[in-house]
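Accompanying notes for the structure given below.
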Amino acid sequence: MNNYTSDSSDGETGNKAIDLAYLLKNPESVDKLLAQYFENGSKKFLDVENMILHHNELTALPSNLTRFINMRVLDLSNNGLTVLPNIFQYCQLSKLVAKNNRLDNEALPKDFSYCPTLKELNLAGNNLSEFPDQILTFTSLRYLYLGGNGMKNISKEIWRFKQLQVLSLGGNNISDVPVSVGLLKSLQALVLCDNQLESLPASVANLHNLRSLLIHKNRLKTLPPEIIALRNLSELSLRDNPLVVRFVSDIQHQPASLLELSARAIKLHNISAPVGDLPHSLAQYLESAHRCVNPHCKGVYFDNRVEHIKFVDFCGKYRIPLLQYLCSSKCASSPNEEVIKPHRTYLMKKVLLG
Ligand SMILES: [Zn+2]
């Protein structure tokens, strides 16, 4: 992508950038500086693609900004912005950086205009307490930075960012990652460090392009075993997580329901149940069987399962506790409790534990 930069020595691209960074100017004085680009019939504003306004004292946007209809990059970081209007109704940005301002959820418009050109959005270091749902309209995003807010949630609709490569959500108060994160098939970096996560959904294993998974400083006790399947993962940060072993005997195990017991028997003895003989709901229930992970057990489980921590030699150097499920607590005391060595032809390059 051709990003024109403000310090370009090229005369032609120089015309395309306005760099007013580090001037500590308020909206009115920036407005005066921008006026020369269209006063007296000047068409210079049409050339401007890159607007650099970081490190000023802009509590609101200078009103003349909306006249730069060919603007592609807008950097408003490190101002005191308390409101961010719908700038997308005036121009088709490819990059908007508004990090380190004072934007809370009410500071954003109810809706942003659809902007198919927007590739990068940076709202990190603001005061967002909830995931800003109005950004879900930017379905072409490649890079989304929302770290260092006070966000408590991630939208379940996050799957709309089908082209997202970097999702940065560190330094929030997120306690739950929606399963739909697993639909972000283009994702290469997922940053969830410094949150309140106690678990990760197994669907993370569907992120086949993931290279970097940063989950340090959370409350994770185990990881889903499915992440073994992430063949491109080369960086995994785990420090400052409990990642402790909870013994099977410590876990309260409720007895299985009659439905579960009979369904288990049907599966175990391979009793045929032709379509039509069973109510649809029962047939569906039978379909939902999961195999017990104990290789010496032929059993299955449905809703009733026993958590089991398996230490897995994940990178040749460290053993990581993975959460698995067994059909019964008896299955945990297998005599061959050896460490699983996953069939991997590569080793993870970096595992950051300390
Ligand atoms: Zn079993």
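Counting along the sequence shown from 1, when you hit position 153 you're at 153 in UniProt numbering, and nothing is skipped either side.
Beta carbons: idealized from backbone N, C-alpha and C, even for Gly.
Which residues does DSSP pair with residue i in a beta bridge?
| i | result |
| --- | --- |
| Tyr145 | Asn122, Ser168 |
| Arg305 | In DSSP, Arg305 forms no bridge with anything. |
| His290 | Tyr301 |
| Asp176 | DSSP output for Asp176 lists no bridge partner at all. |
| Asp19 | Ile52 |
| Leu190 | Leu167, Leu213 |
| Lys95 | Val73, Glu120 |
| Leu81 | BP columns for Leu81 are empty, so no partner. |
| Leu220 | Answer is none; Leu220 lacks a bridge partner. |
Indicate, with yes or no, if ligand 1 has a heavy atom lying under 7 Å from the CB of residue i.
| i | result |
| --- | --- |
| Pro268 | Before going on, a small fix: residue 268 reads as Leu here, not Pro. No, the Cβ of Leu268 stays beyond 7 Å of every heavy atom of ligand 1. |
| Cys331 | yes |
| Asn304 | no |
| Leu326 | yes |
| Gly299 | yes |
| Cys193 | no |
| Cys115 | no |
| Asn209 | no |
| Ile294 | With the sequence shown as reference, residue 294 is identified as Asn, and Ile is not the correct amino acid for it. The answer is yes for Asn294. |
Rounded to whole angstroms, what is the Cα-Cα separation between residue i and residue j?
| i | j | result |
| --- | --- | --- |
| Val248 | Leu223 | Here the model assigns Val248 a pLDDT of 35, short of 50, so the residue's position is not dependable, and the following value carries that caveat. Roughly 16 Å between the two C-alpha positions. |
| Leu169 | Arg142 | 14 Å |
| Leu23 | Gln89 | 27 Å |
| Asp19 | Val48 | 11 Å |
| Leu183 | Ile228 | 18 Å |
| Leu192 | Val275 | 45 Å |
| Ser129 | Glu106 | 10 Å |
| Lys16 | Lys25 | 21 Å |
| Phe138 | Tyr114 | 6 Å |
| Asp194 | Pro201 | 17 Å |
| Glu157 | Asn209 | 20 Å |
| Asn122 | Leu278 | 53 Å |
| Lys221 | Leu197 | 9 Å |
| Ser262 | Gln134 | 48 Å |
| Pro242 | Glu287 | 35 Å |
| Gln92 | Asn64 | 16 Å |
| Ser94 | Gly150 | 26 Å |
Can you tell which of the options has its C-alpha closest to the C-alpha of residue i?
| i | options | result |
| --- | --- | --- |
| Ser328 | Arg264, Leu278, Ser281 | Arg264 |
| Tyr145 | Glu157, Phe131, Ser203 | Phe131 |
| Lys217 | Leu118, Arg72, Ser199 | Ser199 |
| Val166 | Ser113, Asn294, Ser140, Arg219 | Ser140 |
| Val177 | Thr137, Lys221, Arg231, Asn153 | Asn153 |
| His269 | Val300, Pro295, Gln284, Thr59 | Val300 |
| Leu58 | Gln324, Thr66, Pro27 | Pro27 |
| Asp213 | Leu96, Glu226, Leu84, Ala189 | A small correction: the amino acid at residue 213 is Leu; Asp does not occupy that position in the sequence shown. Residue Ala189 is the option with its Cα nearest to Leu213. |
| Cys297 | Tyr325, Tyr285, Ser272 | Tyr325 |
| Pro116 | Lys162, Asn126, Asp133, Pro109 | Lys162 |
| Val181 | Ile174, Gly171, Asn64, Trp159 | Trp159 |
| Ala21 | His55, Lys44, Val30 | His55 |
| Leu207 | Ser155, Lys110, Asn232 | Asn232 |
| Ala283 | Leu118, His290, Ala273 | Ala273 |
Does the CB of residue i have a neighbour CB from chain C at under 8 Å?
| i | result |
| --- | --- |
| Leu61 | Although the question refers to chain C, the structure presented lacks it and comprises just one protein chain. |
Count the C-beta pairs between the stretch 94-104 and the stretch 71-82 that are closer than 8 Å, then say yes if the count reaches three, no if not.
yes
Would you call the stretch 255-263 and the stretch 224-243 in contact, with 3 or more CB pairs under 8 Å?
no
Check whether the stretch 33-43 and the stretch 52-72 touch, using three or more Cβ-Cβ pairs below 8 Å as the test.
yes
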